[in-house]
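Counting from 1, position 116 in the sequence shown corresponds to residue 115 in numbering that gives the first Met the number 0; the numbering is continuous, with no gaps. In what follows, a single structure is set out as structure tokens and then discussed.
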Amino acid sequence: MRLLQAESIELRRFEKNDIPPYAILSHTWEDDEVSFQDIQGPYAALKAGCAKIEYICRYALWRDIEYVWVDTCCIHKSSSAELSEAINSMFRWYKNATYCYAYLADVPDETDPLSTASAFATSRWFTRGWTVQEPLAPAELQFFSCDSTQLNIPPCVLRGSRRATILNCLAAALFRRN
Numbered sequence: 000m001r002l003l004q005a006e007s008i009e010l011r012r013f014e015k016n017d018i019p020p021y022a023i024l025s026h027t028w029e030d031d032e033v034s035f036q037d038i039q040g041p042y043a044a045l046k047a048g049c050a051k052i053e054y055i056c057r058y059a060l061w062r063d064i065e066y067v068w069v070d071t072c073c074i075h076k077s078s079s080a081e082l083s084e085a086i087n088s089m090f091r092w093y094k095n096a097t098y099c100y101a102y103l104a105d106v107p108d109e110t111d112p113l114s115t116a117s118a119f120a121t122s123r124w125f126t127r128g129w130t131v132q133e134p135l136a137p138a139e140l141q142f143f144s145c146d147s148t149q150l151n152i153p154p155c156v157l158r159g160s161r162r163a164t165i166l167n168c169l170a171a172a173l174f175r176r177n
């Protein structure tokens, strides 16, 4: 597994038995994401997707986590074997993460997460197929707005009834698509 060292934003490779605590980023892909190749070169910081990576790295460090995993740049997608392994390992990686940070690019700071018409409930994040594992697998899930501000999501959404609320948002997103 490759992880970004949060301080230097450089890739490090770890064997299965030596993986340190890490935070994982859940997000929707936008234009100009930072790829595996980009993160190893001098121009990663020029990519629009680098801003959320830098913020999540800073936030992880603030929470005493030295490593982060970001799908866009921690997987060498040109290698079909590595891509296949990553897809098959994804649920375990989310489950084993100390924190999962969900970056909602289309949600402003001021949103009512309990309203079915809110930017939170209608976020594009809920329309992705991968989303089912991302809120359910990790022990702790934290949401961030498009301005990289941690959203004040009530405990009832993130704890006992988290699954119901998240699944309601997912169901509503699927309904809107059809």
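Using N, Cα and C, we set each Cβ at its ideal position, and we do this for glycine too.
Distance, residue j Cα to residue i Cα
i: S144; j: P112; result: 12 angstroms
i: E14; j: V106; result: 36 angstroms
i: Y42; j: P134; result: 32 angstroms
i: A230; j: D63; result: The requested residue 230 is not part of the displayed model; the chain covers only 0 to 177.
i: D17; j: W92; result: 14 angstroms
i: R158; j: P137; result: Only weak support exists for where R158 lies, its pLDDT of 48 falling under 50; the value from the coordinates is given anyway. Spanning the two alpha carbons is a distance of roughly 12 angstroms.
i: S77; j: K51; result: 23 angstroms
i: C189; j: M89; result: The question about residue 189 has no answer, for the chain in this structure spans 0 to 177.
i: E139; j: S79; result: 31 angstroms
i: P19; j: A96; result: 9 angstroms
i: E9; j: T148; result: 24 angstroms
i: N87; j: S25; result: 17 angstroms
i: S7; j: E53; result: 10 angstroms
i: W61; j: S114; result: 31 angstroms
i: A104; j: R127; result: 13 angstroms
i: C72; j: D108; result: 26 angstroms
i: F125; j: K94; result: 19 angstroms
Own chain residues within Cβ distance below 6 angstroms of residue i, not counting five before or after
i: A59; result: A5, A22, V67
i: L2; result: R11, Y21, Y66, W68
i: C49; result: V33, A43
i: I152; result: P112, F142
i: Y98; result: A22, E139
i: D146; result: D108
Beta carbon proximity, residue i to chain B, threshold 9 angstroms
i: N16; result: The structure shown contains no chain B; it holds only a single protein chain.
For residue i: DSSP bridge partner residues
i: H26; result: Y102
i: E9; result: Q4
i: V67; result: L3, A22
i: Q149; result: F143
Same chain only: Cβ atoms within 7 angstroms of residue i, ignoring 5 sequence neighbours per side
i: I74; result: F35, E81, L82, A85
Own chain residues within Cβ distance below 8 angstroms of residue i, not counting five before or after
i: T110; result: S117, A118, F119, S144, L150
i: K46; result: D31, E32, V33, D37
Does the segment 118 to 129 come close enough to the segment 29 to 45 that 3 or more CB-CB pairs lie under 8 angstroms? no
List, from N- to C-terminal side, the alpha helix (DSSP H) runs of 4 residues or more that fit wholly inside the segment 109 to 140. 132 to 135
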